[in-house]
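Student: There's a structure below that I have some questions on.
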Amino acid sequence: MEDASLSAAADKVEMGPMIIDQDGDLILAVGPSDCQSSFKVDASTLRRTSPVWKAMLYRPWIESQPKDDSEWIVELPEDDPAALTVLLGIIHSNFDLVPATDKITASLVWGILVLCDKYDMIQSIIPYITIWRTHIKQQAPKSEVILSLLIAWEIGDENWLRDLLKDLVHHTCVYGSTKQITYESVDNLGFHTIYLTGSALEKFGPPQLLDHIVDIRSRVLNYYLRFINTEIEIRLSGKPRRPDAAQRPCRHEVKGCDELVLGGLIRGLSMVGLPAFNLRKKATEVNMNIAKFEEACHGVFHQLKIYPDTLLGRTVQLHDTCAIGPSFEFSPTMKNEARTKIREEINKNLLT
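Just so you know, the sequence shown maps onto residues 0 to 351 in numbering that gives the first Met the number 0.
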């Protein structure tokens, strides 16, 4: 059985391997059979740089050197040829095989990190990690957010990881009927929808990452929804506003402004997919991410019409107590507190 396997491997690489080491004594047949690549390498170099390779090649395993004069071939069907090319180039000092920094992608770096973990040779790429990380942080598009997060997690860059997690929380959407979790964001390349459910994040990322992301999202959205529900209920009930010395009182009958604001709220929120008739709407019923929710609320609240006043011939707003927009936009207990909640939850659940 072993002879047949080695014969098949020899047939696959008969076109000639990529020469990593001219004097190499080992052929690596890498990748699935339908798109396999082969490399001529020095087995001793692999042994010196990886305890896993040392065990594979120099113990009585199937990958060890054949006792006869047949060609030494090791099959690696699960490895990524592109990532292994770079890794082999580094450990063999064949640096022409290492792409220039501006050619490095998050996908390639993640592939290299996977191999380094598999073969226990992360020390081999330490001189490159800082350069690659800086490039990816600055250049990686939103479409590579999963790979960027996995890289930050794998190399232990806590600050970068925190920034990526905050971005993930702000742009994660949960569709209640399917429980599908997506990342929805936009950059100069366009709009991106990335499915997080079933992605590599669940296998390689922080433990229970998606559960924590969904929980943080729900906490923040429920916080905003309580604000909206309170504003609606106050205007429905006719309760007086809390006096604030910094705000001028409404010069019109409060009821009149309440009616305008309430009507505008119902119409505006319905138009952006947040029916105001459901005063007890919860985060699980909101089919948008936090960033889009904030943008939608900003648009609705700041377009609400309230009675104008006149001062020295100019129309001015002298009854800020009737307006929702300033309260939502500038109150330190709203957006700032929401971001504080996100930061605290990330630190507590994902960075410990």
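All residues carry an ideal CB built from backbone N, CA and C; glycine is no exception.
Going by alpha carbons, who is nearest to Lys-281 out of Val-113, Thr-192, Asp-78 and Val-173?
Tutor: Translated into the one-based positions of the sequence shown, residue 281 becomes position 282. For the residues Val-113, Thr-192, Asp-78 and Val-173, the minimum Cα distance to Lys-281 belongs to Val-173.
Student: Extract the residue ranges of the alpha helix (DSSP H) inside the segment 131-195, only unbroken runs of 4 or more that lie entirely within it.
Tutor: Counting whole runs of 4 or more residues, the segment 131-195 contains the alpha helix (DSSP H) stretches 144-154 and 157-170.
Student: Which word fits Ile-323, buried or exposed, when buried means at least 16 other C-beta atoms lie within 10 angstroms of its C-beta?
Tutor: As a first step, residue 323 must be located in the sequence shown, where it is residue number 324. With 16 or more other Cβ atoms within 10 Å, it is buried.
Student: Skipping 5 residues on each side, what residues in its chain have a beta carbon closer than 7 Å to that of Leu-45?
Tutor: Residue mapping note: residue 45 aligns to position 46 of the sequence shown, counting from 1. Trp-52 and Leu-56, listed in sequence order.
Student: According to the neighbour-count rule (16 or more other Cβ atoms, all chains shown, within 10 Å of its Cβ), is Phe-300 buried or exposed?
Tutor: Position 301 of the sequence shown, counted from the first residue, corresponds to residue 300. With 16 or more Cβ atoms within 10 Å of its Cβ, Phe-300 is classed as buried.
Student: How is Met-17 classed by DSSP in three states: helix, strand or coil?
Tutor: Here the question's residue 17 lines up with position 18 in the sequence shown. In the structure shown, Met-17 sits in a strand (DSSP, three-state: E or B).
Student: Excluding the 5 residues flanking Val-260 on each side, which residues of the same chain have their C-beta closer than 7 Å to its C-beta?
Tutor: Numbered from its first residue, the sequence shown carries residue 260 at position 261. Here the set comprises Arg-234, Leu-303, Ile-305, Cys-321 and Ile-323.
Student: With DSSP run on the structure shown, which of helix, strand or coil describes Lys-39?
Tutor: By one-based count along the sequence shown, residue 39 stands at place 40. Reduced to three states, the DSSP call for Lys-39 is strand.
Student: Just the Cα atoms here: how many angstroms apart are Ile-72 and Leu-164?
Tutor: By one-based count along the sequence shown, residue 72 stands at place 73. By one-based count along the sequence shown, residue 164 stands at place 165. Between Ile-72 and Leu-164, the C-alpha separation is close to 43 Å.
Student: Kindly confirm or deny that the segment 214-229 and the segment 280-297 touch, where touching means at least three C-beta pairs closer than 8 Å.
Tutor: Contact between the segment 214-229 and the segment 280-297 is present, because at least three Cβ pairs lie under 8 Å.
Student: Determine whether the beta carbon atoms of Asp-186 and Lys-136 lie at a separation below 8 Å.
Tutor: Locating residue 186 in the sequence shown gives position 187, where the first residue counts as 1. Locating residue 136 in the sequence shown gives position 137, where the first residue counts as 1. Going by C-beta atoms, Asp-186 is not nearer than 8 Å to Lys-136.
Student: Between the segment 222-234 and the segment 199-207, do at least 3 Cβ pairs fall closer than 8 Å?
Tutor: No contact exists between the segment 222-234 and the segment 199-207.
Student: Does the distance from the CB of Met-374 to the CB of Ser-49 come in under 8 Å?
Tutor: Summary: the structure shown does not reach residue 374, with the chain confined to residues 0 through 351, and so no result is reported for it.
Student: Relative to the C-alpha of Ala-290, which candidate in Ile-265, Asn-158 and Asp-166 has its C-alpha closest?
Tutor: Reading the sequence shown from its first residue, position 291 is the one you call residue 290. Comparing Cα positions, the closest option is Asp-166.
Student: If you draw a straight line from the alpha carbon of Pro-242 to that of Glu-230, how long is it in whole angstroms?
Tutor: Along the sequence shown, one-based indexing puts residue 242 at 243. Along the sequence shown, one-based indexing puts residue 230 at 231. Its pLDDT being 48, under 50, Pro-242 is placed unreliably in this model, and the value from its coordinates should be taken loosely. Computed Cα separation, rounded: 15 Å.
Student: Do Ala-106 and Leu-148 have their CB atoms nearer than 8 Å?
Tutor: For the purposes of this step, residue 106 is identified with residue 107 of the sequence shown, where counting begins at 1. For the purposes of this step, residue 148 is identified with residue 149 of the sequence shown, where counting begins at 1. Note that residue 106 is Ser in the sequence shown here, rather than Ala. The answer is no: Cβ separation not under 8 Å.
Student: Which of the three DSSP states is assigned to Ile-323 in this structure?
Tutor: Locating residue 323 in the sequence shown gives position 324, counting from the first residue. Here Ile-323 sits in coil by DSSP.
Student: Anyone know if the C-beta pair for Leu-349 and Leu-208 falls short of 8 Å?
Tutor: In the sequence shown, counting from the first residue as 1, residue 349 sits at position 350. In the sequence shown, counting from the first residue as 1, residue 208 sits at position 209. For Leu-349 and Leu-208, yes; Cβs fall inside 8 Å.
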